[in-house]
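One structure is given below, encoded as structure tokens.
Structure below.
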């Protein structure tokens, strides 16, 4: 897997968020997906 690119302020781009979410969904990692969604929601 290629390294993830960050913005100058240290955050990931929405494109990266979608890629991570899709990988978790395809891997059937329900708990990890829930934790990822919680982390994203808490940052907004």
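Numbering (our numbering), first residue to last: 1452 to 1495. Where a beta carbon is used, it is the ideal one built from N, C-alpha and C, also for glycine.
Check: What are the boundary residues of the alpha helix (DSSP H) that includes residue 1485?; Outcome: 1481-1494
Check: Could you round the C-beta distance between residue 1487 and residue 1475 to whole angstroms and report it? I think they count as a contact, below 8 Å.; Outcome: 6 Å
Check: Do residue 1484 and residue 1472 have their CB atoms nearer than 9 Å?; Outcome: yes
Check: In angstroms, rounded to a whole number, what distance separates the CA positions of residue 1465 and residue 1479?; Outcome: 21 Å
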